[in-house]
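Taking it in order: structure first as structure tokens, then the write-up.
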């Protein structure tokens, strides 16, 4: 890594902290100059524009998310244990000061157009797809039930993360993390492959293809 | 209703539309003056301050939400049918232009203090509690299973609403509404009382008290 790369990495680490705490769109080049001790013109030389800085911060956040959530999970046996590891680490990621950067930034950029929004969408789609693929792998190795729809599983897992963010940070519910844990346990239990001899499969259920086809 | 009340109601209806479309904190008294044809000083006479206007808009949004979601549900038989009616109307409410006002406004006011945030928290807590009470009633009349935890049910239902908001509006997933419908169907099916003779209850599950104790 060259000195320029080191400098850029150090700037981005600081910029990400500021953006996570105060909002991505609120971060000014001036504020970043004060925090890094660099000149505004020096920062423009590194990033070119506020838009480009924002996109670089989104990528830095993504790099940290992958490091915190995905890299450790790859060391866990594939299938249900890996899905569990991803989900646990994902939930922990959201407990940082400021909450999940991506949830906050997505709300900020909900109604805007431009490269920052596009980068936020791209990164989130990539992990939702990756989570769906991990669930599909768990299905393929027989840990999850054969009729599990991986994308539905990913939608429901991500929904619980969003619920946790709102209940914990906005509503300040004391039991938000307990609710989240119970919901995620329920999702994983519903996804788990059943012993085909243990329970008669109910036919003709009205439930559309879903992560949980609850047997009863 | 006096003429003053009529005027206030008309102003609030316009203010809510503007806030829902462009963001609550972005709404200026000047913008509202243009939209209503009233003077800024006239608007200040009605509301006193920007904070008071914001709180009044939150209450107006809540009034509309109750009218759209709760009032019709009270005409539906209590128990599972009423919970279904609430959830369906709640999902439809989020499909307005601009999406759910409360999800957007909560994100805007996530990191702020003050009366607007307090009002947003108060209204949302009230409906989450009301949804939990509707689920409890469904349990009490035997439609939902005896071990259902109503607050867990409400947490999971609200999480799915938040997931729908993100997937539909931010990620622009084509199948967001199908995912939402399947997730809500799954939640309701998991909450439904089972015929105790149909399936042996699995003992010793590791799942904490949850809306779904998935039998298998």
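Chains as they are written, first to last, in our numbering: chain A, 202 to 417; chain B, 202 to 417. Glycine is no exception: its CB is placed at the ideal position from the N, C-alpha and C atoms. Note that this is a predicted model, so its numbers are computed, not measured.
**OP:** Using a cut-off of 7 Å between C-beta atoms, extract the partners of residue 270(B) located in chain A.
**Re:** None at all; the shortest Cβ gap to chain A is about 18 Å.
Original post:
With a cut-off of 9 Å, does the C-beta of residue 325(A) fall near any C-beta of chain B?
Top reply: yes
Original post:
Less than 9 Å separating the beta-carbons of residue 252(B) and residue 343(B)?
Top reply: no
Original post:
DSSP state of residue 345(A), grouped into three classes?
Top reply: strand
**OP:** Mind checking who residue 377(A) pairs with in its DSSP beta bridge?
**Re:** According to DSSP, which records beta bridges pairwise, residue 377(A) is partnered with nothing at all.
**OP:** Identify each residue in the segment 364-381 of chain B for which the Cβ-Cβ distance to at least one residue of chain A is less than 9 Å, and report them in chain order.
**Re:** 364, 365, 366, 367, 368, 370, 371, 372, 373, 374, 376, 377, 379, 380, 381
Original post:
Would a check of beta-carbon distances place residue 311(A) closer than 9 Å to chain B?
Top reply: yes
**OP:** Determine the contact status of residue 273(B) and residue 281(B), defining contact as a CB-CB distance below 9 Å.
**Re:** no
**OP:** Please list the partners that residue 356(B) has in chain A, where partner means a Cβ-to-Cβ separation under 7 Å.
**Re:** 364, 368, 380, 384
Original post:
Can you list, in chain order, the residues of its chain whose CB lies under 7 Å from that of residue 335(A), leaving out five sequence neighbours each side?
Top reply: 283, 284, 287
**OP:** Answer with buried or exposed for residue 250(A), where buried requires no fewer than 16 other C-beta atoms within 10 angstroms of its C-beta.
**Re:** exposed
Original post:
Closest by CA to residue 307(B), which one among 275(A), 367(A), 217(A), 323(A)?
Top reply: 367(A)
Subject >> Cα-Cα separation between residue 268(B) and residue 375(B), rounded to whole angstroms >> reply: 29 Å
Subject >> Inside the segment 239-281 of chain B only - alpha helix (DSSP H) runs reaching at least 4 residues >> reply: 241-248, 251-266, 272-275
Original post:
Among residues of its own chain, excluding the 5 on either side of residue 318(A), which ones have a beta-carbon nearer than 6 Å to its beta-carbon?
Top reply: 310
Subject >> Contact set for residue 216(A): own chain, Cβ-Cβ below 6 Å, skip 5 residues either direction >> reply: 233, 258
**OP:** On a CA-only basis, which of 390(B), 226(B), 339(B), 305(B) is nearest residue 277(B)? Give me that one, please.
**Re:** 339(B)
Subject >> C-beta neighbour in chain B for residue 347(A), strict 9 Å >> reply: no
**OP:** Answer yes or no: do residue 325(B) and residue 372(A) have a C-beta to C-beta separation smaller than 9 Å?
**Re:** yes
Subject >> Rounded distance between the beta-carbons of residue 360(A) and residue 305(B), thought under 8 Å >> reply: With a Cβ gap of about 17 Å, residue 305(B) and residue 360(A) do not count as contacting.
Original post:
Does DSSP put residue 210(A) in a helix, in a strand, or in coil?
Top reply: helix
Original post:
Considering only the beta carbon of each residue, do residue 380(A) and residue 353(B) sit closer than 9 Å?
Top reply: yes
Original post:
Under 9 Å between the Cβ atoms of residue 378(B) and residue 358(B)?
Top reply: no
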